[in-house]
Every structure is written in structure tokens, then in C-alpha cells.
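In this text, residue positions in the sequence shown follow our numbering: the first is 77, and each later residue adds one. We put the CB at the ideal spot given by N, CA and C, even for glycine.
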Amino acid sequence: MPDFSNWQIHVDSLLAHAGCGADTETGDLVNPIHISTTFERDSDGSYGKDYMYSRLGNPTRHELEQILTNLEGGDSCFTFASGMAAACAILQSVEAGSTVLLPHDVFHGIPKAILNTPGLSVDTRFVDYRDHRDLDDAIARKPRLVWVETPSNPMLRVTDVRMVAEKAHSVGARVVVDGTWTTPLIQRPLELGADVVFHSITKYLSGHADVLGGAVICRAGSELGQRLEQIQQLGGSVLDPFSCWLTMRSLRTLPVRLKRHCDNADAIAGVLVKHPRVSVVHFPGLPDHSGNSFIGSQMSRGGAMISFQVGELESDPAPAMKVAAATRLIRRATSLGSTESLIEHRASMEGSVTMTPQNLLRLSVGLEDPEDLIADLLQALS
Ligand SMILES: Cc1ncc(COP(=O)(O)O)c(C=O)c1O
């Protein structure tokens with residue numbers, strides 16, 4: 077990226093130049109991809125250009141990691157081959173036998189990884205962070221890590237990051253926030269007191285359903301950074317140069333994409349909340365949602381993920397399944413944050429341990445015209 081360090085410049089302007097502006101011999105506007113796995117030594121045996129071997133460090137990866145560090149206001153960033161690889165690196169970075177607090181509602185892969193990854197030996201305790209007594213009780217047991225996902229997946233619960241960070245730090249615990257659903261353009265967890273932010277790059281950051289990746293960004297002074305660097309380099313689950321390059325290309329449009337995603341979600345939530353077949357809409361952008369009071373203080377917008385329940389019976393999946401089967405523009409698939417809208421019956425995706433209501437559908441609102449999305453949902457609900 078060109079050197080904007082002594083400019084007062086908006087984040088949209090910075091991102092429009094992500095992955096551009098390197099001083100190349102050919103004058104490329106867009107930076108080349110460094111696909112070499114190895115780098116040549118100088119005649120005296122040194123590595124004068126800093127790079128030795130791509131697993132340890134790669135120029136394209138470093139470029140992306142620098143951009144993500146700046147976006148989150150952190151000190152270091154480590155990218156991984158998937159969001160789950162990044163999540164497991166964080167879990168590996170805490171001492172074996174530590175207690176990790178997890179919210180009741182959280183991306184199902186996290187508790188599954190803790191329970192089923194060989195060698196990952198941490199204890200978990202599930203906590204409702206909205207219940208101060210439950211949280212205080214859990215904090216009193218001196219956890220090492222407090223895992224926050226806000227808004228949560230799939231119930232869109234909003235956690236007060238400042239409050240949780242203050243309580244966690246009082247017993248020396250570290251706080252990690254999964255910022256996948258918001259991106260640093262909506263929420264900057266390090267500024268709210270978190271020690272580490274984690275992203276599935278697979279979602280909004282890459283934004284086109286064609287990159288699998290993860291990133292961990294640490295605040296200055298966090299001792300987790302050094303351990304994460306070792307896990308990245310020695311574990312070797314690094315993000316490949318082409319995925320790094322594609323992610324930088326996508327970051328150039330993140331501000332405009334995210335604005336459209338969020339505008340569309342606001343419009344759709346406003347229609348769903350009035351629909352007679354929809355019993356509940358979970359979306360922090362709605363004035364009646366419990367997380368709405370955090371808009372302005374913690375999040376700039378409600379995001380673009382909406383969950384809604386079809387019919388009154390939480391244990392009955394049939395009406396929700398029928399709606400998902402009837403959408404025409406909105407595609408039936410898991411994942412989120414891409415250009416095309418996706419609808420998903422979440423409980424059946426999460427499997428037998430799910431706590432998600434059976435009549436809940438999760439919608440990743442894409443970039444289509446909002447009128448078309450609303451028309452598709454209305455015909456599917458009719
Ligand atoms: C909130 C959240 N965190 C983490 C992940 C895991 O990311 P990945 O699929 O890139 O491994 C997901 C995936 O859906 C997610 O939704």
C-alpha cells in the first residue's frame with residue numbers, strides 16, 4: 077500500500093489501495109503475488125531480503141497481515157488456512173488444562189473443536205454473558221481465556237465487550253472476540269478492551285465465497301502474539317499467497333460491499349418483523365432487539381446477518397424447511413458474507429447437540445437489489 081502514514085485519511089480510501097502501490101521494477105499498479113516457497117541467500121549466507129521460506133514468512137502474506145493489523149488497530153496479525161485453523165491456534169496458545177469461557181450461543185465449530193481436537197486440552201464452561209451473576213461466578217473460577225462472539229451465531233445476541241474485558245482482566249484472563257460477523261468496519265474489539273480479534277476471512281473479508289482463511293490480530297503487549305507466531309510457523313497451517321492476494325483484492329471493496337449488505341439487511345428485517353408467519357426476528361438493527369442499545373457505542377450498525385423463526389412452535393422444523401425450500405433467488409447453503417444471499421436451516425446444520433430453535437432460519441443478506449430479496453422472501457413465506 078502507498079505510504080499514507082502522515083495523512084488524515086478515511087479507512088475507505090486506505091482500503092481502496094489495499095494490495096497496491098509496491099515499488100516494482102515494472103511499475104505494476106496491483107502488487108504481484110509472491111508464490112515462491114523459498115528465497116535465495118546472499119553470498120555471505122545471510123538472508124538480506126528478510127525472507128527464507130514461505131511457511132515462515134511470505135511477502136504477500138505479510139502485506140495482508142499488515143493491512144489487517146492496521147484495520148483492527150492491533151500490533152500483529154497471523155493468517156491461517158481457515159477460520160477454524162486460526163481459532164484452534166488461539167485455543168492451543170493457552171496453557172494445557174486452562175479453563176476457557178464460551179458463550180451459550182456461539183459458532184458450533186468452536187465447542188466441537190475443543191471437545192474433539194486431539195491434544196487440545198482445555199476445559200470449557202458455558203456462560204450467558206448477559207447474566208451478570210453467571211458471568212461473575214465463572215470469572216471467580218479464574219479462566220485463562222474468555223471467548224466472545226458478538227453478535228452471536230445464530231441467535232444474534234450482543235455481548236458488552238467492555239464489561240466482559242474488565243471482569244476478565246481482573247483475574248488475568250485474556251479476551252478473544254470473534255469479529256467475523258461485523259468486520260473492523262462495524263466493530264473494533266481491541267478498542268473495546270479485547271486482547272485478540274479473530275476473523276474467518278472466508279466470510280466478509282474475502283467476500284466472494286471463494287477463499288477459505290482465518291486471521292488473528294493481537295493488541296500491543298499481548299503475550300499471545302509470540303505463541304501464535306510459533307503455532308503459525310511451526311504448525312504450518314498458513315494462508316497461501318493466492319488466497320492472501322484475493323483477500324486484498326476483496327478488501328478494496330469491503331466498505332461499499334458492507335454498506336450495501338447492511339442497507340439490504342435493514343430493509344429485509346423491517347419487512348420480516350411485520351410478517352404474520354414470522355414469530356421472532358433476531359437482528360440488532362431492529363429497535364426492539366436487546367442488542368440495539370449497543371449500536372453507536374460498540375457497533376456502528378446491525379450487520380447483515382438475520383435469523384428469524386417461522387411459526388410459533390420452536391420444536392417444529394417443517395414450516396422453516398418449507399420456506400427455505402421455496403426461495404428462488406436466495407440460495408440454500410451454509411456460510412455467509414458473500415455477494416449472494418444465503419438461507420440456512422441452522423439447527424440441522426449444527427447437528428444433534430444444537431440448542432438452536434428448530435423453526436429458525438439464518439439469512440446471510442447479500443448484495444442483490446433489496447426489492448428482489450424481499451419479493452423472494454415474501455413468495456417463499458406465502
Ligand atoms: C462466526 C464464525 N466464526 C468462525 C467460523 C469458522 O471459519 P471457517 O469456516 O473459515 O473455518 C465461522 C464459519 O462459519 C463463523 O461463522
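- With 16 or more neighbouring CB atoms inside 10 Å of its own CB, K279 falls in the buried class.
- With respect to the C-alpha of H365, the residue from R353, A345 and Q142 having the closest C-alpha is A345.
- H110 is a Cβ neighbour of N134, given a cutoff of 7 Å.
- Just so you know, the alpha carbons of D126 and T136 end up roughly 13 Å apart.
- Residue ranges of uninterrupted alpha helix (DSSP H) with 4 or more members, entirely inside the segment 309-349 and ordered along the chain, are 317-327 and 330-348.
- Contact between the segment 148-168 and the segment 268-285 is present, with at least three C-beta pairs closer than 8 Å.
- In the three-state DSSP reduction, Q306 falls in the helix class (H, G or I).
- The C-alpha of L211 is placed about 35 Å away from the C-alpha of R353.
- Counting of Cβ neighbours within 10 angstroms places P219 among the buried residues, the total reaching 16 or more.
- DSSP places V176 in the uninterrupted beta strand (DSSP E) bounded by T175 to P179.
- R404 is positioned such that its CB atom lies no closer than 7 Å to that of D342.
- Taken through DSSP and simplified to helix, strand or coil, T403 comes out as coil.
- Along the length of the segment 428-458, whole alpha helix (DSSP H) runs at least 4 residues long occupy 446-457, reported in chain order.
- By the neighbour-count criterion, in which 16 or more other beta carbons inside 10 Å mark a residue as buried, P317 falls on the buried side.
- The shortest C-alpha to C-alpha distance from G427 to any of S319, T102, D118 and H184 is the one to H184.
- If you compare the alpha carbons of M128, S319 and D213 with that of E116, the shortest gap goes to M128.
- Excluding five sequence positions before and after V314, the CB atoms of its chain that fall closer than 8 Å to its own CB belong to S130, R131, N134, R137, T155, F156, A157 and Q308, given in chain order.
- The alpha-carbon of T256 is positioned some 10 Å away from that of N229.
- V176 and P331 do not touch by the CB rule: their CB atoms are close to 34 Å apart, not below 8 Å.
- For ligand 1, a non-hydrogen atom lies closer than 6 Å to the CB of D254.
- The beta strand (DSSP E) runs of length 3 or more contained entirely in the segment 202-287 are, from start to end of the chain, 221-225, 250-254 and 272-276.
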